[in-house]
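Here the sequence shown stands for residues 131 to 541, where the numbers follow this note's numbering. Following: one structure in structure tokens, then a few remarks.
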Amino acid sequence: MKITDLKARICYNSRGEKSIEVDVIIDDKYIGRAASPSGASTGKHEAVSFPKNVEDSLSLLLSNKNRFIGLDPSKEDTIYQALKSIDNTDNYSIIGGSIAYAVSIAAADSASKALSLPLFQLIGKSLNNNTDYKFPYPLGNVLGGGAHAGPGTPDIQEFLIVPVGARNIRDALETNFRIHKAVREAIKKRDKDFTFGRGDEGAWAPKMNNEEAIKVVEEAIKDSGYVFRKDVAIGIDFASSSLWKDPFYIYARSDKKRDRREQIEYVSALIRDYKLIYAEDPVHEEAFDDMRELTSRFPDVYITGDDLLVTNKERLRRAIEEKSCNAAILKVNQAGSLYDAILFAGDANRNNIRIVTSHRSGESIDAHIAHIAIATNSKMLKAGVVGGERIAKLNELIRINEEYALPLTSL
Ligand code: PGA
Ligand code: ZN
């Protein structure tokens, strides 16, 4: 099995921004395809998506295309080495993380087709020969603001739900769909002028402060006939780096500011009052020590690093040493290539850091992350609830279920 051709083009993501799509062709027969996603609230230490611009990254890839011809696409490390022969920086600041993403995922996609092996099994084999596959719980964004929506919406980026009482993946997905609808009704009750506007990830984006927002989600869960926390729990992505203006977290939309200590207490109060199961980036991306405090206060809550870790092995190592988190977001494009992400996942799993595989706010309609979540033993898949580019990932879980009937993981 050998790569016989590679094609690449500029395409567009769910926000209508330029992105890169790559086709990897093997044995002149099988085509693997992937398009890179992109974030709005990106971490400072992520791989650089496009160092100059999309056009330059594309032409650099095409002028180096021969480096990929003849390689075995099922070997993630071989593709990684070829990328490194073009760009040996640790954050893909020459060719761009978006290229590393699209080439490496398209290669794995093509190999999975040629081998008639689902992508999760192909990647799972590379990762400690993993064969104990389970479905992650879908972590659904139902209400939000921050960098994903406009003025008047909550300062906090994402209010999320986890169908913790679901019996199987279909039940879990249906729970999220039902609550997403119920959140709209609960907002309508409070604001008769609500336009049904949604943010970049399909979450409702009402004029509302953080406290009203979380109450609305709690109400929607109860109104849908679920037992709060037993059937469905709430999580929050604070995306705190977007709020942090040293030395304060600025909650501009609610006209409040909090220093580091007040932020820790604010997050702690929300965790306690709403029995949160999940808190992502509750403090800013350099605050390893404040994360440590929250992790030790709440060992049973997913205290999750996204911008803190940026799917980067070195930052994960520091977080493990300093006990800064007990869960990690995995976004392949933050790391760059699939192989970088596989190494990160291996380290996380060996150190009992629970993985949450995640979409980006600017997405493609690809479904690969559904497979990546299963392959990496992720506890949750953060992929939104509605919107074609979100549903693409969720429907892929349904297809996998049809063939493999995997159980849900344990949280
Ligand atoms: P992003 O947001 O894709 O805009 O970075 C998602 C997140 O912060 O988790
Ligand atoms: Zn985040």
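Glycine included, each C-beta is placed from N, C-alpha and C at the ideal position. Predicted, not measured: the structure shown is a model, and the values here were computed from it.
*Extent of the continuous alpha helix (DSSP H) run through residue 398*: Taking the sequence shown and counting its residues from 1, the one referred to as residue 398 is at position 268. Unbroken alpha helix (DSSP H) run through residue 398: 390-403.
*What are the boundary residues of the alpha helix (DSSP H) that includes residue 305?*
Translated into positions along the sequence shown, residue 305 becomes position 175. In the DSSP assignment, residue 305 falls within the alpha helix (DSSP H) that extends over 299-320.
*C-alpha gap between residue 401 and residue 517, whole angstroms*: On the sequence shown, residue 401 is found 271 positions in, with the first residue counted as 1. On the sequence shown, residue 517 is found 387 positions in, with the first residue counted as 1. Each residue's alpha carbon lies about 29 Å from the other.
*In three-state terms, what does DSSP make of residue 418?*
The residue labelled residue 418 in the question sits at position 288 within the sequence shown. Residue 418: helix per DSSP, three-state reduction.
_alpha helix (DSSP H) runs wholly inside the stretch 159-197, at least 4 long, in chain order_ = 184-193
*Of the choices 307, 163 and 258, whose alpha-carbon is the least far from that of residue 139?*
The residue given as residue 139 occupies position 9 in the sequence shown. Minimum Cα distance to residue 139 is reached at 163.
*What is the DSSP secondary structure of residue 488, counted as helix, strand or coil?*
Position 358 of the sequence shown, counted from the start, is the residue given in the question as residue 488. Residue 488 falls in the strand class under three-state DSSP.
*asked:* Taking 7 Å as the cut-off, is the beta-carbon of residue 330 closer than that to any non-hydrogen atom of the ligand ZN?
replied: Here the question's residue 330 lines up with position 200 in the sequence shown. Result no, Cβ not under 7 Å from the ligand ZN.
*Member of 483, 231, 298 and 499 whose CA lies at the smallest distance from the CA of residue 537*: The residue given as residue 537 occupies position 407 in the sequence shown. When only C-alpha atoms are compared, the closest one is 298.
_Alpha carbon of residue 132 to alpha carbon of residue 195, nearest angstrom_ = As a working note, residue 132 is residue 2 in the sequence shown. As a working note, residue 195 is residue 65 in the sequence shown. Residue 195 has its alpha-carbon roughly 14 Å from the corresponding atom of residue 132.
*Which residues mark the beginning and the end of the beta strand (DSSP E) in which residue 474 is found?*
Counting from 1 along the sequence shown, the entry for residue 474 is found at position 344. Taken as a continuous stretch (DSSP letters only), residue 474 belongs to no beta strand (DSSP E), being part of the alpha helix (DSSP H) at 468-480.
*asked:* the ligand ZN and residue 369: does the residue's C-beta get closer than 7 Å to at least one heavy atom of that ligand?
replied: Position 239 of the sequence shown, counting from 1, holds the residue named residue 369. Yes; taking the cut-off as 7 Å, the Cβ of residue 369 has a heavy atom of the ligand ZN nearer than that.
*Can you give the Cα-Cα distance for residue 146 and residue 496, rounded to whole angstroms?*
As a first step, residue 146 must be located in the sequence shown, where it is residue number 16. As a first step, residue 496 must be located in the sequence shown, where it is residue number 366. Taking the straight line from one Cα to the other gives about 15 Å.
*With burial defined as no fewer than 16 other Cβ atoms inside 10 Å of the residue's Cβ, what is the status of residue 188: buried or exposed?*
Here residue 188 refers to the residue found at position 58 of the sequence shown. Buried, since its Cβ has 16 or more Cβ neighbours within 10 Å.
*asked:* Can you tell me whether residue 282 is helix, strand or coil according to DSSP?
replied: Here residue 282 refers to the residue found at position 152 when the sequence shown is read from its first residue. Coil at residue 282, not helix or strand.
*So is residue 135 buried or exposed if we call it buried at 16+ other beta carbons inside 10 Å?*
Stepping through the sequence shown from its first residue, residue 135 is reached at position 5. By the neighbour-count criterion, in which 16 or more other beta carbons inside 10 Å mark a residue as buried, residue 135 falls on the exposed side.
*What does a CB cutoff of less than 7 Å around residue 229 pick up in its chain, not counting 5 residues either side in sequence?*
Residue 229 sits at position 99 when you count from the first residue of the sequence shown. For residue 229, where only same-chain residues beyond five positions count, the Cβ hits under 7 Å are 150, 187 and 191.
_To the nearest angstrom, how far is the alpha carbon of residue 434 from that of residue 158?_
For the purposes of this step, residue 434 is taken as residue 304 along the sequence shown, with counting starting at 1. For the purposes of this step, residue 158 is taken as residue 28 along the sequence shown, with counting starting at 1. Here the alpha carbon of residue 434 sits roughly 43 Å from the alpha carbon of residue 158.
_Strand pairing of residue 136, partner residues [DSSP]_ = On the sequence shown, position 6 is the one that residue 136 refers to. Bridge partners of residue 136: 154.
*Coarse secondary structure for residue 233, derived from DSSP in three states*: Locating residue 233 in the sequence shown gives position 103, where the first residue counts as 1. If DSSP states are grouped into helix, strand and coil, residue 233 belongs with the helices.
*asked:* Could you tell me the alpha carbon to alpha carbon distance between residue 349 and residue 241, rounded to whole angstroms?
replied: Position 219 of the sequence shown holds residue 349. Position 111 of the sequence shown holds residue 241. One C-alpha to the other measures close to 46 Å.
*Would you list the one or two residues that DSSP bridges to residue 131?*
The count along the sequence shown starts at 1 and reaches residue 131 at position 1. Secondary-structure assignment with DSSP links residue 131 through no beta bridge to anything.
*Using only the heavy atoms of the ligand PGA, determine whether one of them is closer than 7 Å to the beta carbon of residue 179.*
For this step, residue 179 is matched to residue 49 along the sequence shown. No, the Cβ of residue 179 stays beyond 7 Å of every heavy atom of the ligand PGA.
*Given residue 294 as reference, the closest of 304, 325, 275 and 424 once Cα atoms are compared*: The count along the sequence shown starts at 1 and reaches residue 294 at position 164. Here the closest residue by C-alpha is 304.
*Report yes or no: do three or more beta-carbon pairs, one from the stretch 418-433 and one from the stretch 170-180, lie closer than 8 Å?*
no
*asked:* Per DSSP, what are the beta-bridge partners of residue 267 in this structure?
replied: On the sequence shown, residue 267 is found 137 positions in, with the first residue counted as 1. Looking at the DSSP assignment, residue 267 forms a beta bridge with 510.
*Spatial distance of residue 447 from residue 468 (CA atoms)*: Start at 1 with the first residue of the sequence shown, and residue 447 comes out as number 317. Start at 1 with the first residue of the sequence shown, and residue 468 comes out as number 338. Approximately 19 Å between the Cα atoms of the pair.
*Applying the criterion that 16 or more other CB atoms from any shown protein chain within 10 Å of the CB defines a buried residue, is residue 199 buried or exposed?*
Numbered from 1 along the sequence shown, position 69 holds the residue referred to as residue 199. Answer is exposed; the Cβ neighbour count stays below 16.
*Do you know how far the Cα of residue 209 is from the Cα of residue 217?*
Here residue 217 refers to the residue found at position 87 when the sequence shown is read from its first residue. Here residue 209 refers to the residue found at position 79 when the sequence shown is read from its first residue. C-alpha separation (whole angstroms): 12 Å.
*Apart from the five residues on each side of it in sequence, which residues of its chain come closer than 6 Å, Cβ to Cβ, to residue 440?*
To locate residue 440, count along the sequence shown from 1; it is residue 310. Counting only Cβ-Cβ distances below 6 Å, and skipping sequence neighbours, we find 173, 175, 176 and 464.
*Helix or strand or just coil, what does DSSP make of residue 428?*
Numbered from its first residue, the sequence shown carries residue 428 at position 298. Three-state DSSP puts residue 428 in coil, outside helix and strand.
*Verify the contact flag: residue 211, CB atom, against every heavy atom of the ligand PGA, threshold strictly below 7 Å.*
Within the sequence shown, the letter at position 81 stands for residue 211. Placement of the Cβ of residue 211 at a distance of 7 Å or more from every heavy atom of the ligand PGA is found.
_I'd like the ranges of any alpha helix (DSSP H) spanning at least 4 consecutive residues and lying wholly in the stretch 318-377._
Those alpha helix (DSSP H) runs which fall completely within the stretch 318-377 and span 4+ residues are 340-353.
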